[in-house]
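In this note's numbering, the protein residues as written are 17 to 209. From the three backbone atoms N, C-alpha and C, an ideal C-beta is built for every residue, glycine too. As structure tokens, the structure follows; a few thoughts come after it.
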């Protein structure tokens with residue numbers, strides 16, 4: 017990913033927090049010579065050095081995935097920025113937050129590990145509900161999925177939040193984004209002020 021210096025984020029804790037908050041990503045790899053993408057929820061490994069997901073066994077992406085490096089992308093809030101919001105001259109742009117993770121995948125087929133993946137994902141996403149679902153399903157359902165653990169080789173993080181604009185412009189952009197309903201993006205910009 018192209019990352020000009022003023023948009024680069026290198027603080028590991030900030031990146032990990034971003035991945036946890038935006039854990040629905042894209043797994044990109046090569047399938048039969050073409051770029052292939054699956055949209056999936058991910059969880060961070062306990063060591064913080066890996067990310068984990070699972071695919072349906074009917075998805076061909078898993079079949080040769082251990083032979084290659086993969087890319088996982090995570091996207092946060094994003095929105096259009098109009099030059100009419102600037103006090104000084106400028107051009108239209110797009111503000112956004114994104115993380116790219118490169119790594120080496122390993123397949124997980126052992127039932128107890130698969131159950132752990134499903135249960136961890138369930139716990140994370142059900143915990144915010146008033147009546148969380150308890151993981152109760154037939155063991156045979158685990159036969160339909162394959163787990164993937166990706167050992168992280170490299171993380172790239174870009175938060176393009178108008179850091180190249182004046183303080184007045186950044187404040188104005190954040191306010192306009194708030195008015196448009198881009199509350200999370202506006203808050204991310206305000207956190208940078």
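Residues of its chain near residue i, where Cβ-Cβ distance is below 6 Å and the 5 sequence neighbours each way are ignored
i	result
residue 151	135 and 138
residue 188	101
residue 89	41, 42 and 116
residue 78	71 and 162
residue 29	none
Short Cβ contact (8 Å threshold) for residue i with residue j
i	j	result
residue 130	residue 87	no
residue 119	residue 85	yes
residue 31	residue 115	yes
residue 204	residue 113	yes
residue 125	residue 162	yes
residue 191	residue 103	no
residue 51	residue 164	no
residue 194	residue 19	no
residue 53	residue 81	no
residue 227	residue 168	Examination of residue 227 is not possible in this model, given that the chain is present from 17 through 209 alone.
Alpha carbon of residue i to alpha carbon of residue j, nearest angstrom
i	j	result
residue 122	residue 143	28 Å
residue 25	residue 156	43 Å
residue 99	residue 64	40 Å
residue 27	residue 196	29 Å
residue 55	residue 127	23 Å
residue 47	residue 74	13 Å
residue 153	residue 160	12 Å
residue 76	residue 208	42 Å
residue 206	residue 179	11 Å
residue 23	residue 147	40 Å
Own chain, CB closer than 8 Å to residue i, minus 5 neighbours either side, in chain order
i	result
residue 110	94, 95, 96, 97 and 176
residue 149	138 and 142
residue 17	114, 116, 172 and 174
Neighbourhood of residue i by C-beta distance below 7 Å, restricted to the same chain and skipping five residues each side
i	result
residue 198	93 and 95
residue 170	118
Counted within 10 angstroms of its Cβ, other Cβ atoms place residue i as buried (16 or more) or exposed
i	result
residue 181	buried
residue 72	exposed
residue 186	buried
residue 41	buried
residue 21	exposed
residue 70	buried
residue 201	buried
residue 166	buried
May I ask you to verify whether the region 20-39 touches the region 53-60, counting CB pairs closer than 8 Å and requiring at least 3?
Contact between the region 20-39 and the region 53-60 is present: three or more C-beta pairs spanning the two stretches fall below 8 Å.
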